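Numbering (the working numbering), first residue to last: 976 to 1162. Even glycine gets a Cβ: it sits at the ideal position worked out from N, Cα and C. Fair warning: this is a prediction, and the values are worked out from it, not measured in the lab.
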């Protein structure tokens, strides 16, 4: 509830299935349902990461998980596996799909490529310089996000050399700060 109380428009979360943040304490299916219902009470959108690469023997389990998310009114899923984008789009044509930061989109050409495929939002690579983010924003209409890890560390007065990514991503301060600014769309 802290990120919702902080005023965010949307939250990203990972479940126990197909989430790239395997070191994190991810949400169980029951917790995802509760999170979606709680967020929606406050008009906050919920985006669930399903951003691992999906092997052929995982496709049925993957699509069952997408079905679970869709049935429980998730607002969007974030993916890395482009083959799964096609499968999701064909199976759930109205489900919003975002490209995960794991795809490493860092320039206008990448954003345009995914926009032409029908992707609703691109989460830019963490390493994308601010100047490039502004350049992309000035030339597109699509929604773009970026995980501003370094800026969050700076705002929390943490030196990069003193804290590794895992520590930052698991800190309560990071989660609250990220949740408050994660959906800052360029308008």
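- Taking a cut-off of 8 Å on C-beta distances, the stretch 1006-1020 does not touch the stretch 1034-1041, as fewer than three cross pairs fall below it.
- When the beta-carbon positions are compared, residue 981 and residue 1022 stay at least 8 Å from each other.
- Nearest to residue 1013 by alpha-carbon distance, out of 1061, 1074, 1047, is 1047.
- If the five residues before and after residue 1089 are omitted, its C-beta is found closer than 6 Å to the C-beta atoms of 1074, 1097, all from its own chain and listed in chain order.
- In this structure, 1049 is the residue among 1085, 1049, 1066 with its C-alpha nearest to the C-alpha of residue 1010.
- Just so you know, the alpha carbons of residue 977 and residue 1071 end up roughly 25 Å apart.
- In the three-state DSSP reduction, residue 1011 falls in the helix class (H, G or I).
- One alpha carbon belongs to residue 1057, the other to residue 1113, and they sit about 26 Å apart.
- Shown here for residue 1055: same chain residues with a beta carbon closer than 6 Å to its own, the five before and five after excluded, namely 1026, 1075, 1077, 1078 in chain order.
- For the 8 Å CB-CB criterion, residue 1028 and residue 987 do not form a contact.
- In the DSSP assignment, residue 1062 falls within the alpha helix (DSSP H) that extends over 1057-1066.
- Excluding the 5 residues flanking it on each side, residue 1008 has same chain C-beta neighbours closer than 7 Å at 1047, in chain order.
- For residue 985, the three-state secondary structure derived from DSSP is strand.
- Here residue 1093 is exposed: its Cβ has fewer than 16 other Cβ atoms, across all protein chains shown, within 10 Å.
- Taking 8 Å as the cut-off, the Cβ atoms of residue 1080 and residue 1100 count as close.
- Residue burial is scored here from C-beta neighbours: residue 1003 has fewer than 16 other C-beta atoms within 10 angstroms and is therefore classed as exposed.
- Between residue 1107 and residue 1082 a beta carbon distance of about 7 Å is seen, short of the 8 Å cut, so the two are scored as contacting.
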